[in-house]
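Visitor:
There are 2 protein chains.
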Amino acid sequence: MGIVERRERMKKQLRADILKTAKDIAREESWAAVSIRKIADVIEYSPPMLYEYFDNKDKILETIRNDGFAALHEELQKLKTLYRSPEKLLTEFAQIQWRFALEQTEVFQVMFNIDGANCLSKQVYQAEFAKLNTHPVWEALAQIRPRSADAVSKTFYEWWCLTYGFLLISIVTQPRPQLPNLEPIFMESVRRFVRGLS
Amino acid sequence: MGIVERRERMKKQLRADILKTAKDIAREESWAAVSIRKIADVIEYSPPMLYEYFDNKDKILETIRNDGFAALHEELQKLKTLYRSPEKLLTEFAQIQWRFALEQTEVFQVMFNIDGANCLSKQVYQAEFAKLNTHPVWEALAQIRPRSADAVSKTFYEWWCLTYGFLLISIVTQPRPQLPNLEPIFMESVRRFVRGLS
DNA sequence: GTAGAATATTTAACACTGTAAAGTGTTCCA
DNA sequence: TGGAACACTTTACAGTGTTAAATATTCTAC
Chain C
2 MGIVERRERM
12 KKQLRADILK
22 TAKDIAREES
32 WAAVSIRKIA
42 DVIEYSPPML
52 YEYFDNKDKI
62 LETIRNDGFA
72 ALHEELQKLK
82 TLYRSPEKLL
92 TEFAQIQWRF
102 ALEQTEVFQV
112 MFNIDGANCL
122 SKQVYQAEFA
132 KLNTHPVWEA
142 LAQIRPRSAD
152 AVSKTFYEWW
162 CLTYGFLLIS
172 IVTQPRPQLP
182 NLEPIFMESV
192 RRFVRGLS
Chain U
2 MGIVERRERM
12 KKQLRADILK
22 TAKDIAREES
32 WAAVSIRKIA
42 DVIEYSPPML
52 YEYFDNKDKI
62 LETIRNDGFA
72 ALHEELQKLK
82 TLYRSPEKLL
92 TEFAQIQWRF
102 ALEQTEVFQV
112 MFNIDGANCL
122 SKQVYQAEFA
132 KLNTHPVWEA
142 LAQIRPRSAD
152 AVSKTFYEWW
162 CLTYGFLLIS
172 IVTQPRPQLP
182 NLEPIFMESV
192 RRFVRGLS
């Protein structure tokens, strides 16, 4: 009775292929160039086949967006087990965010709707700001400077804007030969922010 | 001989109408919903007529983007005559940026390629980072903490990422009605940045 | 092993999109 | 008044997301 299992496995594989192909095209061309027909062409199926796996194009992007946030969350959980110092956790996570934006720019573009990536489903942001007090970054901030939950949440939002905002601007305004090495500037900003907390 | 002048005037008007209509549609629906045909419909001309005024759709967005940056530059020049204190200039400008992003969100979206606004022509960013030492914000930063030109330019980039990054994240992640609550957090971040300079 | 049901997949079509070429008016000057 | 210049529209093409219908394939039951 391994037949249904094999089918299930192939379905999962094809679904993953769709997502990968979308990202590949976006990386090599741009998100504006990503079309259902082009993806179908690469995975060697007819366009309507994609609708067996995703309700519509937007859901494809939504999946990539959610996966992106999930991947960062995973990294964050790893860091939590690695470092006891909340300051260290924050700067290390910022470093990971930088690498992620650099190495998987096309995913980052979807996560924040920039440069042609346009995904209507935005409920992932609400999720990011729900149950804040269990978020490792929130915990780290509270640990560094214990205050009311609301005050910590404010700082959390500042952190969010500082790190992701920096990356967004850096990606969108690229290429920018005048300021070649932005990573040190980014990390310096982050460290100053962390220092300024206590 | 007022005929050619009248024609010239009407051409200019129509050009402005195209830009305004694009922004109107973007504001009421989204940038994804802005199409040549829809604009043509509103200004009551056939679609190809638009190509007498703009080479293509991208040029329309590019114009809106450039106009947006130009508008902010103008405000900045005004501030320069109003305030002697560089700290005051910076915080006041941040306030203006906030209001601009709030009141002309659709222009802001084009300026930074977010939420469906997708404009390929990015040379305005290069222009923003060229001749930095004449930029009022650069001057203010240099005045507060005089250092090497490179060091000031670094700080300028941090300022840019802080303010615009904050606004980008706020626009992208928040459903509109919640945005006003964030202004104090934004301004607080800006003031802390300015304080940290000296 | 074959009929029929269930799945898997494709073909064809619709209503959109940006844009170019060709055609039609309309205005103006000699 | 004829013809050039200009203003503008019609038509068309290749592309988009998406749906319904048609077809091919696989599996199940006899």
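Order-wise, the sequence lines are chains C and U.
Going by the working numbering, the first sequence wraps up at 199, each residue one higher than the last.
Going by the working numbering, the second sequence wraps up at 199, each residue one higher than the last.
Built from N, CA and C at the ideal position, the CB exists for glycine as well.
Keep in mind that this is a model prediction, so the values were computed, not measured.
Could you work out which residue in C:Ala131, C:Cys120 and C:Val195 is closest to Lys60 (chain C) when comparing CA atoms only?
Guide: Here the question's residue 60 (chain C) lines up with position 59 in the first sequence. For Lys60 (chain C), the closest alpha carbon among the candidates C:Ala131, C:Cys120 and C:Val195 is that of C:Cys120.
Visitor: Answer with yes or no whether the minimum CB distance from Pro178 (chain U) to chain C is below 8 Å.
Guide: For this step, residue 178 (chain U) is matched to residue 177 along the second sequence. In this prediction, Pro178 (chain U) has a pLDDT of 46, which is less than 50 and means its spatial position is unreliable; nothing more can be read from the coordinates.
Visitor: Taking 8 Å as the cut-off, does the stretch 2-18 of chain U touch the stretch 158-168 of chain C (at least 3 CB pairs, one atom from each stretch)?
Guide: no
Visitor: Report the rounded CA-to-CA distance for Val43 (chain U) versus Lys24 (chain U), giving the unit in angstroms.
Guide: Mapped onto the second sequence, residue 43 (chain U) falls at position 42. Mapped onto the second sequence, residue 24 (chain U) falls at position 23. Their backbone Cα atoms lie some 12 Å apart in a straight line.
Visitor: List in chain order: all unbroken alpha helix (DSSP H) runs of 4+ residues lying wholly within the stretch 118-155 of chain C.
Guide: Those alpha helix (DSSP H) runs which fall completely within the stretch 118-155 of chain C and span 4+ residues are 124-129 and 137-145.
Visitor: Determine the direct distance from the alpha carbon of Glu45 (chain C) to that of Leu169 (chain C), and round the result to whole angstroms.
Guide: Here residue 169 (chain C) refers to the residue found at position 168 of the first sequence. Here residue 45 (chain C) refers to the residue found at position 44 of the first sequence. Looking at the two C-alpha atoms, the distance is approximately 34 Å.
Visitor: So Gly1 (chain U) packs on Gly166 (chain C), CB below 8 Å; how close in whole Å?
Guide: This structure leaves residue 1 (chain U) out entirely; chain U is present only between 2 and 199.
Visitor: Please list, in chain order, the residues of the stretch 60-85 of chain C that have any C-beta partner in chain U closer than 8 Å.
Guide: none
Visitor: Taking the C-alpha atoms as reference points, what is the distance between Ala33 (chain C) and Asp151 (chain C)?
Guide: For this step, residue 33 (chain C) is matched to residue 32 along the first sequence. For this step, residue 151 (chain C) is matched to residue 150 along the first sequence. Looking at the two C-alpha atoms, the distance is approximately 39 Å.
Visitor: Cutting at 7 Å between CB atoms, please list the residues of its own chain near Gln144 (chain C), excluding the five before and the five after it.
Guide: Reading the first sequence from its first residue, position 143 is the one you call residue 144 (chain C). For Gln144 (chain C), where only same-chain residues beyond five positions count, the Cβ hits under 7 Å are Pro87.
Visitor: Considering only the alpha carbon of each residue, which of U:Gln105, U:Leu133, U:Leu83 and U:Pro176 lies closest to Lys123 (chain C)?
Guide: Translated into positions along the first sequence, residue 123 (chain C) becomes position 122. Ranking the options by Cα distance to Lys123 (chain C), first place goes to U:Pro176.
Visitor: Mind listing the chain U neighbours of Trp161 (chain C)? Cutoff is C-beta to C-beta under 9 Å, in chain order.
Guide: Reading the first sequence from its first residue, position 160 is the one you call residue 161 (chain C). Below the 9 Å Cβ cutoff, chain U contributes Ile170 and Thr174 as neighbours of Trp161 (chain C), in chain order.
Visitor: Let's test the definition: count the other Cβ atoms within 10 Å of the Cβ of Thr135 (chain U) and tell me whether it reaches 16, buried, or not, exposed.
Guide: Translated into positions along the second sequence, residue 135 (chain U) becomes position 134. That one is exposed.
Visitor: To the nearest angstrom, report how far apart Val125 (chain C) and Asn67 (chain C) are at their CA atoms.
Guide: As a first step, residue 125 (chain C) must be located in the first sequence, where it is residue number 124. As a first step, residue 67 (chain C) must be located in the first sequence, where it is residue number 66. Straight through space, the alpha carbons of Asn67 (chain C) and Val125 (chain C) are spaced by roughly 7 Å.
Visitor: How many Å lie between Ile37 (chain U) and Ser154 (chain C) at the Cα?
Guide: Position 36 of the second sequence, counted from the first residue, corresponds to residue 37 (chain U). Position 153 of the first sequence, counted from the first residue, corresponds to residue 154 (chain C). Rounded to the nearest angstrom, the two C-alpha atoms are 43 Å apart.
Visitor: Please report the distance separating the alpha-carbon of Leu163 (chain C) from that of Val35 (chain C).
Guide: Counting from 1 along the first sequence, the entry for residue 163 (chain C) is found at position 162. Counting from 1 along the first sequence, the entry for residue 35 (chain C) is found at position 34. Approximately 30 Å, taken between the alpha carbons.
Visitor: Drop a sphere of 10 angstroms on the beta-carbon of Arg116 (chain C), count the other beta-carbons inside from all chains shown, and report buried for 16 or more, exposed for fewer.
Guide: Locating residue 116 (chain C) in the first sequence gives position 115, counting from the first residue. The question names Arg, but residue 116 (chain C) is Asp in the sequence shown. Classification for Asp116 (chain C): buried.
Visitor: Is there a C-beta anywhere in chain U that falls below 8 Å from the one on Arg193 (chain C)?
Guide: Mapped onto the first sequence, residue 193 (chain C) falls at position 192. At a cut-off of 8 Å, the C-beta of Arg193 (chain C) has a neighbouring C-beta in chain U.
Visitor: Output the distance between the C-alpha atoms of Leu73 (chain C) and Ser31 (chain C), rounded to the nearest integer angstrom.
Guide: What you label residue 73 (chain C) is simply residue 72 of the first sequence in a count that begins at 1. What you label residue 31 (chain C) is simply residue 30 of the first sequence in a count that begins at 1. Rounded to whole angstroms, the separation of the alpha carbons of Ser31 (chain C) and Leu73 (chain C) is 23 Å.
Visitor: Using the beta-carbon of each residue, which ones in chain C are nearer than 8 Å to Tyr52 (chain U)?
Guide: Position 51 of the second sequence holds residue 52 (chain U). Within 8 Å Cβ-Cβ: nothing; Tyr52 (chain U) doesn't reach chain C, min ~20 Å.
Visitor: Can you pull the chain U residues whose beta carbon is under 8 Å from the beta carbon of Asn114 (chain C), in chain order?
Guide: By one-based count along the first sequence, residue 114 (chain C) stands at place 113. The contacting residues are Ile115, Asp116, Gly117 and Val173.
Visitor: Flag Gln127 (chain U) as yes if its beta-carbon sits less than 8 Å from any beta-carbon of chain C, otherwise no.
Guide: Translated into positions along the second sequence, residue 127 (chain U) becomes position 126. Yes, Gln127 (chain U) counts as interfacial toward chain C.
Visitor: In whole angstroms, what separates the C-alpha of Thr64 (chain C) from that of Phe55 (chain C)?
Guide: In the first sequence, the residue the question calls residue 64 (chain C) occupies position 63. In the first sequence, the residue the question calls residue 55 (chain C) occupies position 54. Straight-line Cα distance between these residues: approximately 9 Å.
Visitor: With distances taken from CA atoms, which of C:Lys79, C:Lys39, C:Arg7 and C:Glu189 is nearest Trp99 (chain C)?
Guide: What you label residue 99 (chain C) is simply residue 98 of the first sequence in a count that begins at 1. Cα-wise, what sits closest to Trp99 (chain C) is C:Glu189.
Visitor: Report yes if the C-beta distance between Val195 (chain U) and Thr82 (chain U) is below 8 Å; otherwise report no.
Guide: Your numbering for residue 195 (chain U) matches position 194 in the second sequence. Your numbering for residue 82 (chain U) matches position 81 in the second sequence. The answer is no: Cβ separation not under 8 Å.
Visitor: So what does Ile115 (chain U) bridge to, in DSSP terms?
Guide: The residue you call residue 115 (chain U) lines up with position 114 of the second sequence. C:Ile115.
Visitor: Within 10 angstroms of the Cβ of Val5 (chain U), are there 16 or more other Cβ atoms? Answer buried if so, exposed if not.
Guide: Locating residue 5 (chain U) in the second sequence gives position 4, where the first residue counts as 1. It counts as exposed.
Visitor: Between Ile186 (chain U) and Ala102 (chain U), is the Cβ-Cβ spacing less than 8 Å?
Guide: Position 185 of the second sequence, counted from the start, is the residue given in the question as residue 186 (chain U). Position 101 of the second sequence, counted from the start, is the residue given in the question as residue 102 (chain U). Their beta carbons are not under 8 Å apart, which means Ile186 (chain U) does not touch Ala102 (chain U) by this criterion.
Visitor: Find the residues of chain C that neighbour Thr155 (chain U), judging by a C-beta separation of less than 7 Å, and give them in chain order.
Guide: The count along the second sequence starts at 1 and reaches residue 155 (chain U) at position 154. Thr is not the amino acid found at residue 155 (chain U); the sequence shown has Lys there. The contacting residues are Ile186.
Visitor: Among U:Pro48, U:Glu29 and U:Arg7, which has the Cα closest to the Cα of Ile19 (chain U)?
Guide: Counting from one through the second sequence, the residue named residue 19 (chain U) turns up at place 18. Nearest C-alpha to Ile19 (chain U): U:Pro48.
Visitor: In the DSSP assignment, the alpha helix (DSSP H) including Met188 (chain C) goes from what residue to what residue?
Guide: Counted from its first residue, the first sequence places residue 188 (chain C) at position 187. Per DSSP, Met188 (chain C) belongs to the alpha helix (DSSP H) from Leu183 to Leu198.
Visitor: How far does the alpha helix (DSSP H) with Pro49 (chain C) in it extend, from its first residue to its last?
Guide: Taking the first residue of the first sequence as 1, we reach residue 49 (chain C) at position 48. Looking at the DSSP string, Pro49 (chain C) is not in any alpha helix (DSSP H), and its letter there is neither H nor E.
Visitor: According to DSSP, is Asp56 (chain U) helix, strand or coil?
Guide: Start at 1 with the first residue of the second sequence, and residue 56 (chain U) comes out as number 55. Three-state result, Asp56 (chain U): coil.
Visitor: Kindly provide the ranges of any alpha helix (DSSP H) runs that are 4 or more residues long and lie completely inside the stretch 60-109 of chain U, ordered along the chain.
Guide: 87-104
Visitor: I'd like to know if Ser190 (chain C) contacts chain U, where contact means its C-beta is closer than 8 Å to some C-beta of that chain.
Guide: As a position in the first sequence, residue 190 (chain C) is number 189, starting the count at 1. Cβ-Cβ to chain U under 8 Å: yes for Ser190 (chain C).
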